[in-house]
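Taking it in order: structure first as structure tokens, then the write-up.
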Amino acid sequence: MTIMKPVSFRLCNVSSYTTELLEIEADFPKLHVLFIPGNPGLVALYKDFLESLYERLGGVASITGNLSLSLVNHFSNLTKLFYILCSSTAIGHISHTKKDWEHGRLFSLQEQIDHKVDFITHELQNVEAPIILVGHSIGSYISIETLRRCGEKVIYCIALYPFLTLNPKSIWQPIIRTISESSVLSAAVSFSVALSRMLPKWALRLIVFKFIGKSCSATAAEAACSHLPQYHMIRNILYLTMTEFRELSKPPDWTFMMENKDKITFLFGDDDHWGPLQLFEEISKQVPEIALSIEREGHTHCFSCTEAGSEWVAGHVACLIKNQIPSSQQ
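For the sequence shown, our numbering assigns the number 131 to the initial residue and increments by one for each residue that follows.
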């Protein structure tokens, strides 16, 4: 008899910074999946996605306590099933938290990258299982940079709706960049959003559904209502955005991608100004043998905010992870 094991939330100190984590742990994992969110780096927005990924990987919690997450896969040269124990963690960004643990300090893209590297180096230092990184949006860029610095422990990187370079055809990116680069505008926007905390909960949820859409999941709505109406949160979102635009004004490191083409795969959206199809075409031209996919099911860049998006992307990621199991166990 088996029961599903829920995702657990906890706070973790990573290099003196209080960090929000979502986790599903195995007692003796053979593989560790580390999810890095986009901006905002709010792990609660990805709860439905992580639970769906867990289910798609065949994860079960045994009442005997021996299994907490397992991957079921047919090895190509064997006829019996193997159960591969796997742990999964989603790590939030510094100060993208419900409480202002860092007392108003702002953190750049490079600091967020260092934060993820420190988590692997220190928090996962005794974990012998190889790591698969899954990143969303700017989390894809962070994942690739983490792969660069933690190549001995990381065996694969899955980039979802990647934000890797600026999109000159985007209408919204110049507007967002203008706001993020102005301390006055950033403060004004942050203060305005923070004021929404004074609204009744039903009114706040109505605003969230207005921005995300009627298909917004209850989990995403709750996460947005509890975390986003915070001055420190919006200031950090905009400051991270500002440093993203500055760093991503440079072209991607095609040489690194070519050298690691077997360790990186991308999923693009059909209509996504953060990860446009012209970037898909450029990657396919610069790194011809790298694995690329396009999602044409109508899900948006913010896939984790809907149940349908979470389930579809989880299914795609699960297939990619299962394809890595044989080689990771050799």
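All C-beta atoms, glycine included, are put in the ideal place defined by N, C-alpha and C. Keep in mind that this is a model prediction, so the values were computed, not measured.
Sequence-distant residues of its chain with Cβ nearer than 8 Å to residue i (five each side left out)
i: Thr395; result: Tyr286, Cys287, Ile288, Ala289, Ile420, Ala421, Leu422, Ser423 and Leu450
i: Thr251; result: Cys280
i: Ala448; result: Leu183, Arg186 and Leu187
i: Asn143; result: Thr149
Close Cβ partners of residue i (< 7 Å) along its chain, the five nearest in sequence each way excluded
i: Lys210; result: Confidence at Lys210 is low in this model, with a pLDDT of 30, below 50, so the placement of that residue should be treated as unreliable; the coordinate-derived value is given next. So no residue of the chain qualifies.
i: Ile243; result: Ile272, Glu275 and Thr276
i: Leu325; result: none
i: Glu427; result: Trp442
i: Arg278; result: Phe386
6 Å Cβ shell around residue i - same chain, five flanking residues per side excluded
i: Gln416; result: Trp384
i: Leu208; result: Because Leu208 carries a pLDDT of 28, less than 50, the predicted location of this residue cannot be relied on, and no value is offered for it.
i: Phe179; result: Ser434, Ser440 and Ala444
i: Ser259; result: Rather than Ser, the amino acid found at residue 259 in this sequence is Ala. Answer for Ala259: Pro159, Lys160, Leu161 and His162, listed in chain order.
i: Gln454; result: Tyr286
i: Phe375; result: Arg307
Nearest to residue i (by Cα), restricted to the options the options
i: Gly439; options: Ser238, Tyr176, Gln255 and Val319; result: Tyr176
i: Tyr361; options: His226, Glu275, Leu263 and Ser138; result: His226
i: Val173; options: Met388, Ser138, Ile221 and Lys160; result: Ile221
i: Leu263; options: Val257, Ile274 and Glu253; result: Ile274
i: Glu253; options: Glu411, Leu409, Phe386 and Leu164; result: Leu164
i: Leu151; options: Glu282, Val137, Arg335 and Leu161; result: Val137
i: Glu377; options: Ala333, Leu296 and Ser182; result: Leu296
i: Cys346; options: Ser322, Pro330 and Cys432; result: Cys432
Assigned exposure category for residue i - 16 Cβ within 10 Å defines buried
i: Lys246; result: buried
i: Arg140; result: exposed
i: Gln240; result: exposed
i: Ala354; result: buried
i: Val314; result: exposed
i: Asn256; result: exposed
Contact belief for residue i with residue j at Cβ below 8 Å, rounded distance in angstroms
i: Ile413; j: Gly265; result: Contact doesn't hold; Cβ gap of about 15 Å is too wide.
i: Thr430; j: Gly405; result: That pair is no contact at about 11 Å.
i: Arg235; j: Gly445; result: Contact doesn't hold; Cβ gap of about 39 Å is too wide.
i: Ser238; j: Leu370; result: 7 Å
i: Trp231; j: Thr308; result: With a Cβ gap of about 29 Å, Trp231 and Thr308 do not count as contacting.
The ligand MG heavy atom lying under 8 Å from the CB of residue i
i: Leu236; result: With respect to small molecules bound, the structure shown includes none, and the ligand MG cannot be examined in it.
Quiz item: Taking the runs of the alpha helix (DSSP H) that are 4 residues or longer, which of them lie wholly in the region 285-318?
Solution: 302-311
Quiz item: Along the chain, which unbroken stretches of the alpha helix (DSSP H) at least 4 residues long are found entirely within the region 403-432?
Solution: 407-416
Quiz item: Enumerated in chain order, which unbroken segments of the alpha helix (DSSP H) with a length of 4 residues or greater are wholly contained in the region 228-286?
Solution: 239-248 and 268-279
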